[in-house]
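Asks: Below: one structure in structure tokens.
In our numbering, the protein residues as written are 94 to 432.
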């Protein structure tokens, strides 16, 4: 679970800062951000710069195998209390069972960090069973409704705050790609002075590339209101960008209309209940209330058919010539103007 990931990440980070180490750390899961952060900590905070020359090894899964890793881990450190071995891209290693004996009896003077990224380790293997004696860390992607809180926590560690709407807009625009979120925030932080303690909505709009009036949220709102003029106007602006791609827009629209479908079947359609049931922020709940009046369940079924059809067209299926701009205009027509 994502909550366990956050808790375990903080516990491991704190223990390392206190000099409390496990002989083996197995970092795996579909969220690379936390694995990368822990890897950075092990690379830079365990050994001194002088100790690293003889006692820190970084290797890659495609260039090594389990037997070589086990042999390296059994070496003793030179003029240091520990040696650190970091195996990056460890998902490339095939014969993990060869590490079972080492996992069962690791050397206390070795800190072996295995970074198995972008997927979970197979829990049916002997190696996974042996890992129960080691420190395992499963890095799970955050749910979208957890991202704003995580952003606040990330900035709090830097003694900074963020405008609430700016925080929500950033998380809605980027999603749960934590590496990209931190990259965008860090670019903003470079230009902030010590006296500027809060990231504003304007800074997010200017630096992340979200126009205040012409963005995916305003397009979503215009479509929900079935305001074709405004929807086409926003679409015209958005599609001028050389980086424009239809796929993220389809994903957002599908999420919006899926939540709208759920809302139609709620007995209590008050703002508070919609926020709770749909997992949406109060900045956006009015968009759903407006759209409920304009899209019946029957119309929503038509919308889902349109989105599915144009998802295929955006990938070149049953589409010989239309570019993403033309496809978006057609989507707006079919959703907003057709009865």
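Glycine is no exception: its CB is placed at the ideal position from the N, C-alpha and C atoms.
Figure out for me which residue from 177, 207 and 167 has the closest Cα to the Cα of residue 185.
Replies: Nearest of 177, 207 and 167 to residue 185, Cα basis: 207.
Asks: Using the C-alpha atoms, what's the distance from residue 372 back to residue 393?
Replies: Cα-Cα distance, rounded: 20 Å.
Asks: Mapping the DSSP letters down to three states, classify residue 398 as helix, strand or coil.
Replies: In this structure, residue 398 counts as helix in the three-state DSSP scheme.
Asks: Tell me the DSSP bridge mates of residue 231?
Replies: DSSP lists 121 as partners of residue 231.
Asks: Closer than 6 Å by C-beta to residue 374: which residues in its own chain qualify, once you throw out the five before and the five after it? Chain order, please.
Replies: Hits under 6 Å: 261.
Asks: Using the C-alpha atoms, what's the distance from residue 119 back to residue 233?
Replies: Rounded to the nearest angstrom, the two C-alpha atoms are 14 Å apart.
Asks: Using only CA atoms, which one of 346, 113 and 130 lies nearest to residue 121?
Replies: Considering only alpha carbons, the answer is 130.
Asks: In this structure, does DSSP put residue 177 in helix, strand or coil?
Replies: Reduced to three states, the DSSP call for residue 177 is strand.
Asks: Does the beta-carbon of residue 381 have 16 or more other beta-carbons within 10 angstroms, so that it is buried, or is it exposed?
Replies: The residue is buried, with at least 16 neighbouring Cβ atoms inside 10 Å.
Asks: Apply the 10 Å Cβ neighbour rule to residue 98 and answer buried if 16 or more other Cβ atoms are within range, or exposed otherwise.
Replies: So residue 98 ends up on the buried side.
Asks: For residue 349 and residue 302, what's the separation of their Cα atoms in angstroms?
Replies: Approximately 22 Å between the Cα atoms of the pair.
Asks: In chain order, what residues of the same chain have a beta carbon less than 6 Å from the beta carbon of residue 128, not counting five sequence neighbours either side?
Replies: The answer, listed in chain order, is 120, 208, 210 and 232.
Asks: Classify residue 414: buried if its beta carbon has 16 or more other beta carbons within 10 angstroms, exposed otherwise.
Replies: Exposed, since its Cβ has fewer than 16 Cβ neighbours within 10 Å.
Asks: Once you ignore the five residues that flank residue 312 on each side, which residues in its own chain have a CB closer than 8 Å to its CB?
Replies: Here the set comprises 324, 327, 328, 331 and 342.
Asks: Among residues of its own chain, excluding the 5 on either side of residue 189, which ones have a beta-carbon nearer than 7 Å to its beta-carbon?
Replies: Counting only Cβ-Cβ distances below 7 Å, and skipping sequence neighbours, we find 159, 218 and 220.
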